[in-house]
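**Student:** Questions regarding the structure given below will be posed in turn.
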Amino acid sequence: MGDEFIVETRSLTKEFKGFVAVSDVNLRVRRHTIHALIGPNGAGKTTCFNLVTKFLTPTKGQILFNGTDITHTQPAAIARHGMVRSFQISAVFGHLTVLENVRVALQRKQGKSFQFWRSGECLNELNTRAEELIEAVGVAEYRDTPAGELSYGRKRALEIATTLALDPEMLLLDEPMAGMGAEDVRRTADLIRRVSANRTILMVEHNLSVVADLSDTITVLKLGRVLAEGSYAEISDNPEVVEAYMGS
Ligand code: ADP
1 MGDEFIVETR SLTKEFKGFV AVSDVNLRVR RHTIHALIGP NGAGKTTCFN LVTKFLTPTK
61 GQILFNGTDI THTQPAAIAR HGMVRSFQIS AVFGHLTVLE NVRVALQRKQ GKSFQFWRSG
121 ECLNELNTRA EELIEAVGVA EYRDTPAGEL SYGRKRALEI ATTLALDPEM LLLDEPMAGM
181 GAEDVRRTAD LIRRVSANRT ILMVEHNLSV VADLSDTITV LKLGRVLAEG SYAEISDNPE
241 VVEAYMGS
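To convert, note that position 17 of the sequence shown is 17 in full-length UniProt numbering; the numbers rise steadily by one, no gaps.
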C-alpha cells in the first residue's frame, strides 16, 4: 500500500456532539495524482480535509501517510513528514516583498541560525531558490512589490510559492479557486497542474469545471459518507451523484 497510495484513511469518523459529520470514510490518494473531494454543502468535505491535515482529531479511524500511522501526530510534525496544507500554514506578510516572503519561507524550512544565513554564499543560494520559486508560480515580475499590493489571485500564487518552499511531497489545497475571477482561475489551474508533476495534490474545490479539468480521481461525499469515487467521467455518469447535486 505504502507505495501506491500516499494517504489512506480507514473508517475515518468525526462526531460533533453526537452529530456524525464524517462517517467511516476510506479515502485512498494515489501518489503523484490530483485528487479532489467534492459534494454538496454539509457533505463533510471540510471536516474530512481538516482530519487528514490534523486540524481535527477523529472520533474513530486511522490516517496513514506513506504507510505511517499519523492519526495522533501534531499538524506541525506532519509538515516535516512532507504533507503541507496551503493557504493556512503559509502566511503571506503584506509588508514584505514577494521575494522576501519566499525567502522567509525557505529560511523557515532550513531552520538554520541567523549567523548561518549571514554568510554570503548561503544568501546567494537562498536568493536563487527564491527567484526560481517566484518564477515557477508566475509572480517574478512582482519580485520587489510588497505582497500586500498584489491582486488576490497573485497573492494566492505567492502563497503556493511559500508552500513549495517547504518542498512538500503532498500539497493540500482548500478551495484554491475560491473568490477568483476567470483569469485567475485559469492561471491557478495551470499552476496546480505544473506543481502536480512530481507531487500529490488533494483539494477541496467547488468549481466543478476546474475539478473536471484537473482531477485524476474524485471522491464525492454526501452526508459524511463516500457516495462515489472515480474519474470525472465516471462520477458524472452516476445517477446518485447527479441527484446529490440537484438536491443541494
Ligand atoms: P462541507 O465542507 O462539505 O460543506 P462540513 O465538513 O463543513 O461540510 O460539515 C459537515 C457537517 O458537519 C455539517 O452538517 C456541519 O454543520 C457539521 N459541522 C462541521 N463542523 C462542525 C462543528 N465544529 N460543530 C458541529 N457541527 C459541525
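Note that beta-carbon positions come from the ideal geometry of N, C-alpha and C, so glycine has one too. For clarity, every value in this text was computed on a predicted model and none was experimentally measured.
The beta strand (DSSP E) spanning residue 7 covers which residue range?
**Tutor:** Here the beta strand (DSSP E) through residue 7 covers 5-16.
**Student:** When DSSP builds the beta bridges, which residues end up paired with residue 201?
**Tutor:** In the DSSP output, where bridge partners are listed per residue, residue 201 has 34 and 171.
**Student:** On a Cα-Cα basis, can you pick out the residue from 24, 13, 33 and 14 that is closest to residue 6?
**Tutor:** Nearest option by C-alpha distance: 33.
**Student:** Name the one or two DSSP bridge partners that residue 144 has.
**Tutor:** None, per the DSSP bridge assignment.
**Student:** Measuring only from the beta carbon, is residue 40 closer than 8 Å to any heavy atom that is part of the ligand ADP?
**Tutor:** Checking the Cβ of residue 40 against the ligand ADP gives yes.
**Student:** Could you check if residue 242 is buried or exposed, using at least 16 other CB atoms within 10 Å of its CB as the buried criterion?
**Tutor:** Exposed is the call here.
**Student:** Among all the DSSP beta bridges, which residues are the ones paired with residue 230?
**Tutor:** According to DSSP, which records beta bridges pairwise, residue 230 is partnered with 218.
**Student:** Count the other CB atoms within 10 Å of the CB of residue 157; is the residue buried (16 or more) or exposed (fewer)?
**Tutor:** By the 10 Å Cβ count, residue 157 comes out buried.
**Student:** So what does residue 272 bridge to, in DSSP terms?
**Tutor:** Examination of residue 272 is not possible in this model, given that the chain is present from 1 through 248 alone.
**Student:** Among 226, 105, 36 and 13, which has the Cα closest to the Cα of residue 161?
**Tutor:** With distances taken between Cα atoms, residue 161 lies closest to 105.
**Student:** Taking all protein chains shown into account, do 16 or more other C-beta atoms lie within 10 angstroms of the C-beta of residue 174, making it buried, or fewer, making it exposed?
**Tutor:** Buried, since its Cβ has 16 or more Cβ neighbours within 10 Å.
**Student:** Beta-carbon within less than 6 Å of residue 20's beta-carbon, same chain only, minus the 5 sequence neighbours each way: which residues are those?
**Tutor:** Answer for residue 20: 224, listed in chain order.
**Student:** With contact counted as at least three CB pairs below 8 Å, one residue from each stretch, are the region 145-153 and the region 181-197 in contact?
**Tutor:** Flag = yes, the region 145-153 and the region 181-197 touch.
**Student:** Does the pairing of the region 11-29 with the region 44-59 give three or more beta-carbon distances under 8 Å?
**Tutor:** The region 11-29 vs the region 44-59: in contact.
**Student:** Count the other CB atoms, across all protein chains shown, that sit within 10 Å of the CB of residue 94; report buried if there are 16 or more and exposed otherwise.
**Tutor:** Burial call: exposed.
**Student:** Could you pull the DSSP bridge partners for residue 62 from this structure?
**Tutor:** 10, per the DSSP bridge assignment.
**Student:** Once you ignore the five residues that flank residue 45 on each side, which residues in its own chain have a CB closer than 8 Å to its CB?
**Tutor:** These residues qualify, in order along the chain: 37, 38, 39, 204 and 221.
**Student:** Ordered along the chain, which non-local residues of its own chain (more than five positions away) have a Cβ less than 6 Å from that of residue 89?
**Tutor:** With a pLDDT of only 45 at residue 89, under the threshold of 50, the placement of this residue in the model should not be trusted, and no figure is reported.
**Student:** With residue 19 as the anchor, note down where its beta strand (DSSP E) starts and where it stops.
**Tutor:** Here the beta strand (DSSP E) through residue 19 covers 19-25.
**Student:** Pull up the distance between the alpha-carbon of residue 98 and that of residue 139, whole angstroms please.
**Tutor:** The alpha-carbon atoms of residue 98 and residue 139 are separated by roughly 8 Å.
**Student:** Is the separation between the beta-carbon of residue 218 and that of residue 235 shorter than 9 Å?
**Tutor:** Yes, they are a contact pair.
**Student:** When the Cα of residue 231 is compared with those of 244, 245 and 211, which residue comes out closest?
**Tutor:** It is 211.
**Student:** Only counting the same chain, and skipping five residues up and downstream in sequence, which positions put a Cβ closer than 7 Å to that of residue 165?
**Tutor:** Closer than 7 Å at the Cβ level, and outside the excluded window around residue 165, lie 102, 105, 106, 109 and 133.
**Student:** Thinking just about the alpha-carbon of each residue, which of 52, 42 and 47 is nearest to the one in residue 171?
**Tutor:** If we check each option's Cα against that of residue 171, 52 comes out closest.
**Student:** What did DSSP end up calling residue 237 once you bin it into helix, strand or coil?
**Tutor:** Looking at residue 237 - three-state DSSP - the assignment turns out to be coil, as it is neither helix nor strand.
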